[in-house]
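For the record, the sequence lines run as chains A and B.
So the first sequence is numbered by our numbering: it starts at 396 and just counts up by one.
So the second sequence is numbered by our numbering: it starts at 210 and just counts up by one.
Data first, discussion second: the structure below is written as C-alpha cells.
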Amino acid sequence: MKLAVIGAGAVGRSVVELAGEYGHEVVAVADSATAVVADGTDGRAAGVDPDAVVARKAERGIVGDDDPADALAADYDVLVEATPTTLGDAEPGFSHVTRALERDRHAVLANKGPVAERFGDLRAAVADSAGEIRFEATVGGAIPAVSTVEDIEPGHVTAVRGVLNGTANFILTRMAAEGLDYDHVLAEAQDLGVAEADPSFDVDGTDAALKCVILANVLSFGAATDPADAREFSLDDADVAGIRDVPGSALRLAAEDGRTVRLIGEATGETVRVAPRLVPENGTLAVSGTQNIVQIETTHAGRLNISGRGAGGPETASAVLGDVGRLE
Amino acid sequence: MSDDRDGVPEEGVDDEDATPDGGHASATPSTHTVRLELVDEPGQLLAALHPIADNGGNLLSIYHERGNKTPRGRIPVEVDFEATQERFEGIVEALRSEGVNVMQAGTERYAEEVTLLLFGHLIDTDLSDTLSRIEACESASVADVSLAAPQGTEEASSARLRLEARAGETEAALAAVRELAEEKELRLVEPLTGVEA
C-alpha cells in the first residue's frame with residue numbers, strides 16, 4: 396500500500412521507518428508546517444527515503460521542502476493520521492481523514508480526537524466513501540484492543556476495562572513502591588521522559604477517558620442492529636477523575652491491606668468511567684510502570700486480558716501498520 | 210462471592226431446598242451475626258435474646274454498645290450465635306415479629322465486604338460524622354477504619370474503610386458513600402467490585 400503519513404512525531408516517524416518492513420511504501424510525509432512528497436527528487440525512484448525524512452526532522456525540524464497540502468493531495472492508498480490529539484472539533488485531524496475518504500481512500504488513525512469526539516461524523520463520511528477507517532493505535536498502543544473486540548463481536552462484549560495510560564500508571568506504581576508523594580514522582584517521571592512537561596492530559600485521566608470513549612463507540616455501534624439507534628459517545632459523556640491529588644498515604648493504606656490504586660478506565664455500550672480504583676496488589680489489573688492492560692468481559696468467552704506497551708513510537712506504529720494490513 | 214456457582218454441577222445436587230449459594234447443606238450450623246437496635250429501657254436486651262434461643266440459636270456472644278447510639282437514639286447490640294440457615298431465617302423473622310429492630314442480619318457468606326479509600330480533609334469534615342452517616346445507611350456498616358494523617362490534622366489525610374454490606378447491596382452502599390464524599394468534598398477511591406482480578 397502507498398501511505399501518506401500526516402504527523403511527524405514519534406508515531407509518525409516510526410510508521411515512516413517501519414512501513415517498508417511491512418511491505419508498504421511511504422509516498423508522502425507531512426508535519427504541521429512542511430512535507431515531502433515522493434516525486435523522485437528525494438533520491439529515490441519511488442517513495443520517500445525514510446532515513447532522510449527522520450534525519451531532516453531531527454536536524455532541521457522539517458520533513459521536507461514541500462507543502463503539507465501537497466502531502467494530503469498525494470497519490471496514496473492509505474492516509475495515516477498521526478497528528479497530536481485535539482479535542483472538540485478534533486481538527487485538523489478530522490479534516491485530514493475526511494479528505495482522504497472524499498477521495499475514496501482509506502485512513503488509519505493514531506490520533507484519538509476524531510474517533511473520540513466525532514465518531515458519528517466519521518461514520519457518516521465513511522458511509523459516503525469507498526474508503527474505510529481503522530484506529531487500533533488509538534487505544535492501548537501496541538495492544539490489539541479494538542480488533543479483539545471486533546473479533547469477539549461487540550454484541551458479545553459486555554465491558555472493556557483496564558489501565559490505559561502508562562504515565563499515570565508509572566506514577567502510581569512509583570508512589571506505592573517508594574512511599575513518595577505525587578509531586579516527587581511526577582518530577583522523576585518528567586526526567587525520565589515518561590511524563591510530559593504538562594502532564595494534565597495523562598494524570599487528569601483525559602487520555603484514558605478518550606480511549607474508553609472510543610471503545611464505548613465501538614461497543615455501542617458494533618452491537619446495534621441499526622446504527623441509527625446506537626448511542627454516540629464523546630469525552631463529555633465520560634465520568635473522569637484523575638490521580639493528581641491521590642496522596643501517598645492513601646497508597647500506603649491500600650498496601651497494608653494487600654491492595655493498590657490504579658487509574659482504571661471502563662467502557663460499556665452505555666457508560667464511560669475513568670477513576671483511581673482499589674485493586675488487589677498482585678491482581679491482573681495491577682500492571683507496573685508504563686505497562687497497559689485491557690480486560691475484555693465477554694458473554695460466552697469469559698474474560699480476556701491483554702497487557703503490553705500502551706505507548707511509544709514503534710509500538711504504536713505496529714498497531715498502525717497492522718491496520719494498514721487489514722485494509723489490503 | 211456468595212452467588213458464585215462456577216463448577217457446581219446443576220444435576221445430581223440434592224433437590225431439596227437448595228441454599229442460595231447452591232453449595233452447603235443447610236443442616237450445618239454456622240455463625241451468624243445480627244445487629245439489633247434496642248430502646249434504652251430495662252429488659253429490652255433479654256426480650257431480644259429470647260427469640261434467638263427459643264428458635265434454636267446457640268448464643269455465642271453479645272456485644273452491647275452502651276456508649277454508642279444509633280442515629281435513631283437507640284442502643285446498638287451485636288449478637289453472635291450459631292444456627293442452621295433455615296433456623297437463622299426463622300430467628301430473624303421472630304425477632305422482627307417481636308418488634309425488635311434488626312438493623313443487619315447476615316453470616317460471613319451473606320455479607321459482602323467492600324474496602325475503599327477516602328482522602329481529603331477527613332478530620333476537618335468531621336470523620337466521626339462521616340462514619341456514623343455511613344453506618345446510618347441501611348445497606349452497610351463500617352467494619353474497620355484505618356486513618357493516615359501524615360501531615361497532622363489540618364492537611365489532607367487518608368482513610369481505608371472496610372464496609373460490610375448486606376448481600377446484593379454493595380452498590381447501594383457505595384452509592385451512599387459516593388454521595389457523602391461529594392457533599393464533604395472528599396475523594397473516594399472505590400474498589401473494582403465484581404472483578405476478582
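Virtual Cβ for every residue (Gly too), placed ideally from N, Cα, C.
inquiry  = Using C-beta distances below 7 Å, list every residue in its chain close to B/T334, excluding the 5 sequence neighbours before and after it, in chain order.
reply    = Here residue 334 of chain B corresponds to residue number 125 of the second sequence, with the count starting at 1. Taken in chain order, the residues that qualify are K393, L395.
Close beta carbons around B/A381, own chain, < 7 Å, minus the five adjacent residues each side = The residue labelled residue 381 of chain B in the question sits at position 172 within the second sequence. The answer, listed in chain order, is S348.
Start-to-end residues for the beta strand (DSSP E) that takes in A/K397 = The residue given as residue 397 of chain A occupies position 2 in the first sequence. Start and end: 397 to 401.
query = How many Å lie between A/G600 and A/V558 at the Cα?
reply = Counting from 1 along the first sequence, the entry for residue 600 of chain A is found at position 205. Counting from 1 along the first sequence, the entry for residue 558 of chain A is found at position 163. When only Cα atoms are considered, A/G600 and A/V558 end up about 11 Å apart.
ask   = Can you list the residues of chain A that B/T324 reaches, using a CB-CB cut of under 8 Å?
value = Position 115 of the second sequence, counted from the first residue, corresponds to residue 324 of chain B. Ordered by position in chain A, the residues that pass the 8 Å Cβ test against B/T324 are D652, R654, L673.
query = Can you tell which of A/Y417, A/D462, A/G550 has the C-alpha that lies nearest to the C-alpha of A/K397?
reply = Position 2 of the first sequence, counted from the first residue, corresponds to residue 397 of chain A. For the residues A/Y417, A/D462, A/G550, the minimum Cα distance to A/K397 belongs to A/Y417.
ask   = Residues of chain A with CB under 9 Å from B/E355, in chain order?
value = Locating residue 355 of chain B in the second sequence gives position 146, where the first residue counts as 1. Note that residue 355 of chain B is Ser in the sequence shown here, rather than Glu. Correct list: L648, E651, D652.
Neighbour-count burial assignment, B/Q337, 16 or more Cβ in a 10 Å radius = Numbered from its first residue, the second sequence carries residue 337 of chain B at position 128. Note on identity: in this sequence residue 337 of chain B is Ser, with Gln being the wrong assignment. With fewer than 16 other Cβ atoms within 10 Å, it is exposed.
task = Could you tell me how far apart the beta carbons of A/L630 and A/V608 are, in whole angstroms, since I believe they sit closer than 8 Å?
result = On the first sequence, position 235 is the one that residue 630 of chain A refers to. On the first sequence, position 213 is the one that residue 608 of chain A refers to. Contact holds; Cβ gap of about 6 Å.
inquiry  = Comparing C-alpha positions only, which one of B/K278, B/N267, B/M312, B/P238 sits nearest to B/L245?
reply    = Taking the second sequence and counting its residues from 1, one reaches residue 245 of chain B at position 36. Checked all of B/K278, B/N267, B/M312, B/P238; the closest Cα to B/L245 is B/M312.
request  = Tell me, please, which residues DSSP counts as bridged to A/Q686.
outcome  = For this step, residue 686 of chain A is matched to residue 291 along the first sequence. Under DSSP, A/Q686 forms a beta bridge with A/R704.
key: Per-residue DSSP class, three states only, for A/V503   = In the first sequence, counting from the first residue as 1, residue 503 of chain A sits at position 108. Three-state DSSP puts A/V503 in a strand.
query = Quick one: what's B/N267 bridged to in DSSP?
reply = The sequence position of residue 267 of chain B within the second sequence is 58, counting from 1. According to DSSP, B/N267 bridges with B/E291.
query = Any beta-carbon of chain A closer than 8 Å to the one on B/S270?
reply = For the purposes of this step, residue 270 of chain B is taken as the residue at position 61 of the second sequence. So, not an interface residue.
ask   = Looking at the structure shown, is B/I284 part of a helix, part of a strand, or coil, going by DSSP?
value = The residue given as residue 284 of chain B occupies position 75 in the second sequence. Three-state DSSP puts B/I284 in a strand.
Selected residue, minimal CA-CA separation from A/R639, among A/T481, A/G707, A/F565 = Taking the first residue of the first sequence as 1, we reach residue 639 of chain A at position 244. When the alpha-carbon of A/R639 is set against those of A/T481, A/G707, A/F565, the nearest one is in A/F565.
inquiry  = So if DSSP puts B/T324 in a beta bridge, which residue, or which two residues, is it bridged to?
reply    = Stepping through the second sequence from its first residue, residue 324 of chain B is reached at position 115. Answer is B/R371, bridged to B/T324.
ask   = Are the C-beta of B/R387 and some C-beta of chain D separated by less than 8 Å?
value = In the structure shown, chain D does not exist; the protein chains are A and B.
query = For A/E512, which residues from the same chain have a beta carbon less than 7 Å from its beta carbon, with the 5 sequence-adjacent residues on both sides left out?
reply = Position 117 of the first sequence, counted from the start, is the residue given in the question as residue 512 of chain A. L482, G483, A485, S629, L630.
ask   = Under the DSSP definition of a beta bridge, which residues are partnered with B/H259?
value = Residue 259 of chain B sits at position 50 when you count from the first residue of the second sequence. Answer is none; B/H259 lacks a bridge partner.
key: Near-chain B residues of the region 595 to 625 of chain A - C-beta to any C-beta below 7 Å   = Those residues of the region 595 to 625 of chain A that come within reach of chain B (Cβ to Cβ, closer than 7 Å) do not exist; the list is empty.
ask   = Helix, strand or coil: which one does DSSP assign to A/I638?
value = Counting from 1 along the first sequence, the entry for residue 638 of chain A is found at position 243. Note: A/I638 maps to coil in three-state DSSP.
request  = Would you kindly work out how many angstroms separate the C-alpha atoms of A/V448 and B/E364, rounded to a whole number?
outcome  = Stepping through the first sequence from its first residue, residue 448 of chain A is reached at position 53. Stepping through the second sequence from its first residue, residue 364 of chain B is reached at position 155. Straight-line Cα distance between these residues: approximately 53 Å.
message = Tell me which residues of the region 366 to 378 of chain B have at least one Cβ-Cβ distance to chain A shorter than 9 Å, keeping chain order.
response = Across the region 366 to 378 of chain B, CB contacts with chain A closer than 9 Å involve S366, S367, A368, R369, R371, in sequence order along the chain.
request  = Closer than 9 Å by beta-carbon distance: list the chain A residues that pair up with B/P359, in chain order.
outcome  = Position 150 of the second sequence, counted from the first residue, corresponds to residue 359 of chain B. Here the neighbours are P642, G643, S644, R647.
message = For chain B, check one thing: does any of its Cβ atoms lie closer than 8 Å to the Cβ of A/I538?
response = Residue numbering aside, residue 538 of chain A sits at position 143 when the first sequence is read from its first letter. No, no contact with chain B.
task = Just grab the DSSP bridge partners of B/S350 for me.
result = Stepping through the second sequence from its first residue, residue 350 of chain B is reached at position 141. Looking at the DSSP assignment, B/S350 forms a beta bridge with B/E373.
task = Assuming A/A399 and A/V431 form a contact by the criterion Cβ under 8 Å, report the distance between their Cβ atoms to the nearest whole angstrom.
result = Counting from one through the first sequence, the residue named residue 399 of chain A turns up at place 4. Counting from one through the first sequence, the residue named residue 431 of chain A turns up at place 36. Not quite, the Cβ-Cβ distance comes to about 11 Å (not below 8 Å), so this is no contact.
ask   = Looking at the structure shown, is A/S409 part of a helix, part of a strand, or coil, going by DSSP?
value = Numbered from 1 along the first sequence, position 14 holds the residue referred to as residue 409 of chain A. DSSP places A/S409 in helix when its eight states are reduced to three.
ask   = At a Cβ threshold of 8 Å, is B/R244 touching chain A?
value = Along the second sequence, one-based indexing puts residue 244 of chain B at 35. Taking CB atoms only, B/R244 has no neighbour in chain A less than 8 Å away.
query = A/I659 versus chain B: which residues are under 8 Å apart at the beta carbon?
reply = Here the question's residue 659 of chain A lines up with position 264 in the first sequence. Simply L401.
key: chain A residues whose Cβ lies nearer than 9 Å to that of B/R342   = The count along the second sequence starts at 1 and reaches residue 342 of chain B at position 133. Simply none; closest approach about 20 Å.
ask   = Which word fits A/N677, buried or exposed, when buried means at least 16 other C-beta atoms lie within 10 angstroms of its C-beta?
value = As a working mapping, residue 677 of chain A is identified with position 282 in the first sequence. The residue in question, A/N677, is exposed, as its Cβ has fewer than 16 Cβ neighbours within 10 Å.
query = Under a Cβ-count criterion, where at least 16 other Cβ atoms within 10 Å of its own Cβ denotes burial, should B/E250 be classed as buried or exposed?
reply = One-based indexing of the second sequence puts residue 250 of chain B at position 41. Exposed, because fewer than 16 other Cβ atoms sit within 10 Å of the Cβ of B/E250.
message = Please state the DSSP three-state secondary structure of A/A477.
response = In the first sequence, residue 477 of chain A corresponds to position 82, counting from 1. Here A/A477 sits in coil by DSSP.
request  = Go ahead and pull the three-state DSSP assignment for B/A390.
outcome  = Position 181 of the second sequence, counted from the first residue, corresponds to residue 390 of chain B. Note: B/A390 maps to helix in three-state DSSP.
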